[in-house]
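All remarks here apply to the structure that follows.
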Amino acid sequence: MISIPHKTKQFLILLIKILIVAGAFYFIYDQLANNDKLDWQKFIVLFQKNQSVSGISFILFLSVLNRYFEILKWQNLAQYIHKITVAQATQQVLAALTAGIFTPNGVGEYAGKALFFNKSDTKKVILLNLICNGIQMILTIIFGFFGLLYFNAEFNIITSNAVLILFGILISGLALLFSIKKLTIKGYSIEKLIHKINEIPKSIHQRNIFLGICRYIVFSHQYYFLFLAFNVDLPYLTLIAAISSVYFLASALPSFQLLDFAVKGSVAVYFFGILGINEWIVIFISTLMWFLNVVLPVVIGSYYVLNFKSKGIA
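The sequence shown begins at 13 in my numbering and counts up by one.
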């Protein structure tokens, strides 16, 4: 085994940190500056017309609240290994978000969080992060399913037969998972995963679900209030149903955190187009949601990445 000198190892770690941060900032700039669908002149005119210190503060507060609930979720789950403070949870969540921005569906977050713990706890960290993200996905599916049903009842975008087919596929998928739960691949199986999840105290799961619901309510209503800020006047239930449908369908598509707004924006253009909302407004709101809830946390997370010291580094 090749031994790398300590100073060389430190230099390589610093180089990786700088590349992660520099890469994140470059791609963020590239997406904002070179997106020809973003009409900045229209946005500036509308912003100057409707600018409100209280309104802007409220939208920013929702972004902070959204990420805060995610931090509380992680603090709650991490106590299964050992208790951590809100400050430590903040560092781990934001640094992992920054490290995972280039990876499909934020897979890099798993490795990012694991680096803050002892190597012996790596499997537990991955499991806890799976539960943290998994409950948010399940809630998105549940709320989105009912939102899609309501939206479809209003606008009949898909036929009843199509709904039955989708429902049948879902049931078949669950039945397939149940039938192969004992199938073992390299020592892992769904049955073993369920057993590991059940080992975690119910109180931790209950709090995780509660915080996940709170987070969903926050970011979905941030989307809603941004539409109000852009003078979109539609019934509350119709708009919320469309928002939950967008999150539901967009979450099913593989994407990078960095391109999350493009994926959600594409789905949003279709749904909100049915409601008669201008495409540029939909794209701008999707971009703002991405900027407020991904870009700003990544900017803060970059500080934690640059100051990161892994427990696994000698």
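Just so you know, even glycine gets a beta-carbon here, dropped at the ideal spot from N, CA and C. Quantities reported herein were computed from a predicted structural model and do not represent experimental measurements.
Can you check whether the CB of residue j is closer than 9 Å to the CB of residue i?
| i | j | result |
| --- | --- | --- |
| Tyr-92 | Lys-131 | no |
| Tyr-316 | Leu-106 | yes |
| Leu-261 | Gly-156 | yes |
| Val-306 | Leu-109 | yes |
| Ile-83 | Leu-304 | no |
| Ile-381 | Val-244 | Examination of residue 381 is not possible in this model, given that the chain is present from 13 through 326 alone. |
| Ile-286 | Ile-169 | yes |
Exposed or buried, what is residue i when buried is set at 16 or more other beta-carbons lying within 10 Å of its beta-carbon?
| i | result |
| --- | --- |
| Gly-224 | buried |
| Ser-66 | exposed |
| Thr-97 | exposed |
| Tyr-248 | exposed |
| Gly-112 | buried |
| Ile-197 | With a pLDDT of only 49 at Ile-197, under the threshold of 50, the placement of this residue in the model should not be trusted; the figure read from the coordinates follows. Flag for Ile-197 reads exposed. |
| Phe-73 | exposed |
| Gly-180 | exposed |
| Ala-4 | Outside the displayed range of the chain (13 to 326) lies residue 4, so it cannot be described from this structure. |
| Ala-187 | exposed |
By how many angstroms is the C-alpha of residue j removed from the C-alpha of residue i?
| i | j | result |
| --- | --- | --- |
| Ile-252 | Phe-231 | 11 Å |
| Ile-255 | Gly-159 | 8 Å |
| Phe-242 | Phe-284 | 13 Å |
| Gln-229 | Met-301 | Note that residue 229 is Ile in the sequence shown, not Gln. About 14 Å. |
| Asn-164 | Ser-184 | 23 Å |
| Gly-124 | Gln-234 | 28 Å |
| Thr-152 | Gly-146 | 10 Å |
| His-207 | Ala-126 | 21 Å |
| Arg-227 | Gln-218 | 14 Å |
| Trp-86 | Lys-214 | 15 Å |
| Leu-246 | Phe-167 | 14 Å |
| Tyr-236 | Ile-68 | 14 Å |
| Val-310 | Lys-204 | 34 Å |
| Gln-104 | Val-258 | 29 Å |
| Thr-134 | Ile-221 | 23 Å |
| Ala-99 | Thr-299 | 28 Å |
| His-94 | Thr-102 | 15 Å |
When DSSP labels each residue in this structure, what does residue i get in the three-state scheme?
| i | result |
| --- | --- |
| Gln-104 | helix |
| Leu-249 | helix |
| Asn-290 | coil |
| Gln-91 | coil |
| Phe-320 | coil |
| Pro-213 | coil |
| Ile-183 | helix |
| Phe-260 | helix |
| Asn-220 | helix |
Measuring CB atoms only, is the segment 135-151 touching the segment 70-77, in the sense that at least three cross pairs come out at less than 8 Å?
no
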